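As given, the protein sequences belong to chains A and B, one line each in that order. Numbering of the first sequence is given in numbering that gives the first Met the number 0, commencing with residue 0 and proceeding in unit increments. Numbering of the second sequence is given in numbering that gives the first Met the number 0, commencing with residue 0 and proceeding in unit increments. For every residue, glycine included, the Cβ atom is placed at its ideal position computed from N, Cα and C. For clarity, every value in this text was computed on a predicted model and none was experimentally measured. Take a look at the structure below.
Protein chains: 2
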Amino acid sequence: MTNVVKLDEERAKTAEALDRLKTLVAGDLERVNQVILQQMQSRVPLIPQLAGHIVASGGKRIRPMLTLAAAKLCAYDGPRHTNLAACVEFIHTATLLHDDVVDDSALRRGVETANALWGNEASVLVGDFLFSRAFQVMVADGSLRVLEILSTASAVIAEGEVHQLLTTNDTTTSEDTYLDVIAAKTAALFAAACRIGAVVADRERQEEEALDGYGRNLGIAFQLVDDALDYSSHSITLGKTVGDDFREGKITLPVILAYRRGNDEERQFWHRTLEEGQQSDTDIQRAIRLMERYHALPDTVERARHYGAKAKDALGIFPNTDEKQTLLDLVDFCIDRSH
Amino acid sequence: MTNVVKLDEERAKTAEALDRLKTLVAGDLERVNQVILQQMQSRVPLIPQLAGHIVASGGKRIRPMLTLAAAKLCAYDGPRHTNLAACVEFIHTATLLHDDVVDDSALRRGVETANALWGNEASVLVGDFLFSRAFQVMVADGSLRVLEILSTASAVIAEGEVHQLLTTNDTTTSEDTYLDVIAAKTAALFAAACRIGAVVADRERQEEEALDGYGRNLGIAFQLVDDALDYSSHSITLGKTVGDDFREGKITLPVILAYRRGNDEERQFWHRTLEEGQQSDTDIQRAIRLMERYHALPDTVERARHYGAKAKDALGIFPNTDEKQTLLDLVDFCIDRSH
Numbered sequence: 000m001t002n003v004v005k006l007d008e009e010r011a012k013t014a015e016a017l018d019r020l021k022t023l024v025a026g027d028l029e030r031v032n033q034v035i036l037q038q039m040q041s042r043v044p045l046i047p048q049l050a051g052h053i054v055a056s057g058g059k060r061i062r063p064m065l066t067l068a069a070a071k072l073c074a075y076d077g078p079r080h081t082n083l084a085a086c087v088e089f090i091h092t093a094t095l096l097h098d099d100v101v102d103d104s105a106l107r108r109g110v111e112t113a114n115a116l117w118g119n120e121a122s123v124l125v126g127d128f129l130f131s132r133a134f135q136v137m138v139a140d141g142s143l144r145v146l147e148i149l150s151t152a153s154a155v156i157a158e159g160e161v162h163q164l165l166t167t168n169d170t171t172t173s174e175d176t177y178l179d180v181i182a183a184k185t186a187a188l189f190a191a192a193c194r195i196g197a198v199v200a201d202r203e204r205q206e207e208e209a210l211d212g213y214g215r216n217l218g219i220a221f222q223l224v225d226d227a228l229d230y231s232s233h234s235i236t237l238g239k240t241v242g243d244d245f246r247e248g249k250i251t252l253p254v255i256l257a258y259r260r261g262n263d264e265e266r267q268f269w270h271r272t273l274e275e276g277q278q279s280d281t282d283i284q285r286a287i288r289l290m291e292r293y294h295a296l297p298d299t300v301e302r303a304r305h306y307g308a309k310a311k312d313a314l315g316i317f318p319n320t321d322e323k324q325t326l327l328d329l330v331d332f333c334i335d336r337s338h
Numbered sequence: 000m001t002n003v004v005k006l007d008e009e010r011a012k013t014a015e016a017l018d019r020l021k022t023l024v025a026g027d028l029e030r031v032n033q034v035i036l037q038q039m040q041s042r043v044p045l046i047p048q049l050a051g052h053i054v055a056s057g058g059k060r061i062r063p064m065l066t067l068a069a070a071k072l073c074a075y076d077g078p079r080h081t082n083l084a085a086c087v088e089f090i091h092t093a094t095l096l097h098d099d100v101v102d103d104s105a106l107r108r109g110v111e112t113a114n115a116l117w118g119n120e121a122s123v124l125v126g127d128f129l130f131s132r133a134f135q136v137m138v139a140d141g142s143l144r145v146l147e148i149l150s151t152a153s154a155v156i157a158e159g160e161v162h163q164l165l166t167t168n169d170t171t172t173s174e175d176t177y178l179d180v181i182a183a184k185t186a187a188l189f190a191a192a193c194r195i196g197a198v199v200a201d202r203e204r205q206e207e208e209a210l211d212g213y214g215r216n217l218g219i220a221f222q223l224v225d226d227a228l229d230y231s232s233h234s235i236t237l238g239k240t241v242g243d244d245f246r247e248g249k250i251t252l253p254v255i256l257a258y259r260r261g262n263d264e265e266r267q268f269w270h271r272t273l274e275e276g277q278q279s280d281t282d283i284q285r286a287i288r289l290m291e292r293y294h295a296l297p298d299t300v301e302r303a304r305h306y307g308a309k310a311k312d313a314l315g316i317f318p319n320t321d322e323k324q325t326l327l328d329l330v331d332f333c334i335d336r337s338h
């Protein structure tokens with residue numbers, strides 16, 4: 000009982016962390032939303048319609064908030080960070096649109112996906128539009144450094160997504176290969192989003208790299224927790240669905256741990272369900288029971304804690320400001336979502 | 000008989016035009032192919048595999064050759080045009096990959112498409128990779144002007160593709176709407192490819208715009224002829240297939256002319272086949288017969304000639320060099336493919 004109360008208190012504290020981040024960047028985020036709305040306009044009405052749907056249902060805006068908070072941490076007081084934060088969100092949104100086509104998803108955060116509503120064709124093409132538009136906004140900003148950072152991140156993301164496609168249904172995927180995939184598909188954009196906060200503030204390379212390191216490790220922790228949540232009943236309270244990765248045959252760390260720690264008969268189960276894609280309605284329950292038996296979810300979160308610790312240490316060179324504390328607390332928030 | 004001989008002579012003359020263009024840029028094109036090969040590399044082997052397939056089967060390399068020839072016309076003698084021509088080809092290739100997914104195509108130029116061989120997922124993601132890689136190469140080149148031109152062209156292409164999607168199966172599409180679509184989806188990249196030839200050579204705005212105008216009008220003419228070829232038996236000699244647009248319910252100018260010039264009963268035919276998508280095996284033959292009855296193909300080519308004439312006149316401000324003559328002849332080649 001005491002334990003539950005304590006957990007609840009912790010959770011409240013870390014939920015607060017997200018609120019404090021939102022408060023910290025509130026004015027800027029409002030401006031980012033305006034830029035997003037303005038830049039998704041087109042003389043072809045389906046574009047703002049579809050883009051508006053995904054932008055609205057796209058979640059917490061954590062990536063653009065990272066750019067804004069990083070710029071604040073670097074005491075930047077110019078106007079450029081809001082446009083660039085919008086570019087980061089556009090690149091993320093384009094990726095989501097293409098991901099949903101690749102995964103053939105019908106729901107995202109409980110809302111019908113753009114491909115379910117308007118078809119795969121429109122999702123692919125509007126993704127391309129948002130991606131191009133992001134580059135147009137960066138060009139108008141005029142920094143070749145920023146263009147380099149975000150074009151490189153985009154190429155790495157695409158590489159990571161192709162790599163993930165190749166590990167799908169492959170139960171022999173190793174933990175290190177999985178880490179390569181999430182470092183590319185998720186952490187590269189977190190790193191770039193943070194780094195450009197230092198670039199607009201014209202900070203030294205050491206600070207740029209510190210923010211890159213913060214974002215990269217936070218991104219890995221974030222994805223690890225996301226992958227644990229896909230098998231956790233706690234997801235339901237977060238409005239997420241359980242078992243999407245299982246149904247799609249994605250090989251994430253919870254699976255890798257349960258598979259490696261399991262016996263032959265259990266491995267047969269993973270082969271049948273994930274490699275051969277033969278799943279009955281109760282198989283997701285068995286998958287979750289196997290993960291419980293082998294402590295796969297708490298250990299995935301433990302791995303996330305390791306990257307979270309690295310993320311926090313990366314910020315060590317910055318003075319102890321409110322901005323820094325908010326970014327440190329954000330790490331705990333990302334990890335504590337898991338329980 | 001004399002007429003046939005004359006046609007054959009003309010065709011030989013214009014086929015020569017493409018050969019002369021190839022000869023003009025041969026050394027540079029070799030270098031472009033090397034850049035393409037080098038830049039499609041990735042630690043994820045599926046990327047060069049899939050990209051190599053589409054690049055190899057991707058056709059005549061007309062867009063990068065335009066950049067090379069435009070740079071030559073502007074007496075450019077530096078090294079940048081070959082990298083940028085490779086970017087143009089990458090953007091085009093990314094578009095082809097996504098197009099084939101959107102159209103669910105199994106064949107392109109008689110060769111199996113990447114989506115047929117590796118699936119839609121990989122095609123979408125490798126397209127994203129090539130697109131990002133193009134921007135990385137542009138950033139390394141370092142010209143914000145070039146980045147502006149090609150990011151804008153990319154956004155316009157995506158807009159055009161979405162617009163085309165909206166006109167698909169819609170027999171009420173007007174000629175002007177169709178022109179908007181092809182100006183965006185095809186002509187924008189032809190224009191940009193030519194324009195950057197002047198930009199690298201640091202030519203005056205008037206010359207930049209002349210090359211933009213040449214490319215844009217050539218692109219429109221090229222697409223009009225392509226759309227006529229989709230209903231022409233002459234396609235078979237070119238290794239193209241007949242009836243793809245018809246099967247996909249695409250509303251191109253030959254359809255628009257036949258529909259508008261037809262009677263009620265004929266319009267019912269277009270409704271059934273293109274709007275409702277109810278097609279029997281012989282319907283493509285009837286479509287071609289209706290086009291013959293209303294002179295839809297020769298008149299589509301006549302429209303192409305109009306844009307071809309504009310393309311030629313756009314180059315009027317350049318001195319009469321071999322390079323200019325080659326570009327002028329290329330216009331005739333693009334149009335004379337039609338018969």
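Check, Outcome
"Inspect the beta-carbon positions of residue 68(B) and residue 23(B) and report whether they are closer than 9 Å.", "yes"
"CB of residue 314(A) to nearest heavy atom of the ligand FAD: below 8 Å?", "The model on display carries no ligand, and the ligand FAD is accordingly not part of it."
"Rounding to the nearest angstrom, what Cα-Cα distance links residue 114(A) and residue 47(A) in this structure?", "15 Å"
"Near residue 294(B), which residues of its chain fall below 6 Å by C-beta distance, leaving aside the five closest residues on each side in sequence?", "none"
"Relative to the C-alpha of residue 311(A), which candidate in 134(A), 325(A), 192(A), 299(A) has its C-alpha closest?", "325(A)"
"Need the endpoints of the alpha helix (DSSP H) that residue 293(B) sits in, please.", "Neither: residue 293(B) is in no alpha helix (DSSP H) and is coded neither H nor E."
"Quick one: any contact between the stretch 58-67 of chain B and the stretch 16-36 of chain B, if contact means 3 or more CB pairs under 8 Å?", "yes"
"Helix, strand or coil for residue 275(A) per DSSP?", "coil"
"What residues from chain A crowd round residue 154(B), counting only those whose CB sits closer than 7 Å?", "128, 131, 132, 135"
"Can you check the stretch 128-193 of chain A for any alpha helix (DSSP H) of at least 4 residues that lies completely inside it and give the ranges in chain order?", "143-166, 174-181"
"When DSSP labels each residue in this structure, what does residue 120(A) get in the three-state scheme?", "helix"
"Beta carbon of residue 180(A), beta carbon of residue 73(A): below 9 Å?", "no"
"Taking the straight line between their C-alpha atoms, what separation do you get for residue 153(A) and residue 107(A)?", "22 Å"
"Among 315(B), 284(B), 162(B), which has the Cα closest to the Cα of residue 230(B)?", "284(B)"
"In the stretch 163-175 of chain A, which residues sit with their C-beta less than 7 Å from some C-beta in chain B, listed in chain order?", "164, 165"
"Residue 150(B) versus chain A: which residues are under 7 Å apart at the beta carbon?", "131, 134, 135, 138"
"Of the residues 144(A), 19(A), 330(A), 288(A), which one's Cα is nearest the Cα of residue 189(A)?", "330(A)"
"Tell me the residue span of the alpha helix (DSSP H) that contains residue 63(B).", "61-72"
"If contact is defined by three or more beta carbon pairs under 8 Å, each pair taking one atom from either stretch, is the stretch 292-308 of chain B in contact with the stretch 312-321 of chain A?", "no"
"In chain order, what residues of the stretch 250-281 of chain B put their CB closer than 9 Å to some CB of chain A?", "none"
"When the Cα of residue 96(B) is compared with those of 125(B), 84(B), 88(B), which residue comes out closest?", "125(B)"
"For residue 122(B), which residues of its own chain have a beta-carbon under 6 Å away from its beta-carbon, when the five flanking residues on both sides are left out?", "96, 100, 113, 114"
"What would DSSP say about residue 0(B), mapped onto helix, strand or coil?", "Residue placement at residue 0(B) is flagged as unreliable, the pLDDT there being 38, under the threshold of 50; a coordinate-derived value is accordingly withheld."
"Of the choices 313(B), 52(B), 42(B), 34(B), whose alpha-carbon is the least far from that of residue 349(B)?", "It is not possible to answer for residue 349(B), since the shown part of chain B is limited to 0 through 338."
"Quick one: is residue 326(A) near chain B, going by C-beta distance under 9 Å?", "no"
"Distance, Cα to Cα, residue 337(B) vs residue 264(B)?", "29 Å"
"Whole angstroms are fine: how far does the CA of residue 255(A) sit from the CA of residue 173(A)?", "7 Å"
"Am I right that residue 167(A) and residue 247(A) are in contact with their C-beta atoms under 8 Å? What's the rounded C-beta distance?", "7 Å"
"Is the beta carbon of residue 16(A) sitting closer than 9 Å to the one on residue 328(A)?", "yes"
"Would residue 109(A) and residue 240(A) be called neighbours here (beta carbons separated by less than 9 Å)?", "yes"
"Looking only at DSSP bridge pairs, what is residue 110(B) linked to?", "107(B)"
"Answer yes or no: does any C-beta atom of chain B fall closer than 9 Å to that of residue 82(A)?", "no"
"What does residue 143(B) touch in chain A if you count any residue whose Cβ is under 8 Å from its own?", "138, 141, 143"
"Within 10 Å of its beta-carbon, does residue 1(B) have 16 or more other beta-carbons around it, so buried, or fewer, so exposed?", "Note that residue 1(B) scores 42 on pLDDT, short of 50, meaning its location in the model is unreliable and no value can be drawn from it."
"When the Cα atoms are used, what is the spatial distance from residue 71(B) to residue 196(B)?", "8 Å"
"So, does the CB of residue 147(A) fall closer than 9 Å to a CB anywhere in chain B?", "yes"
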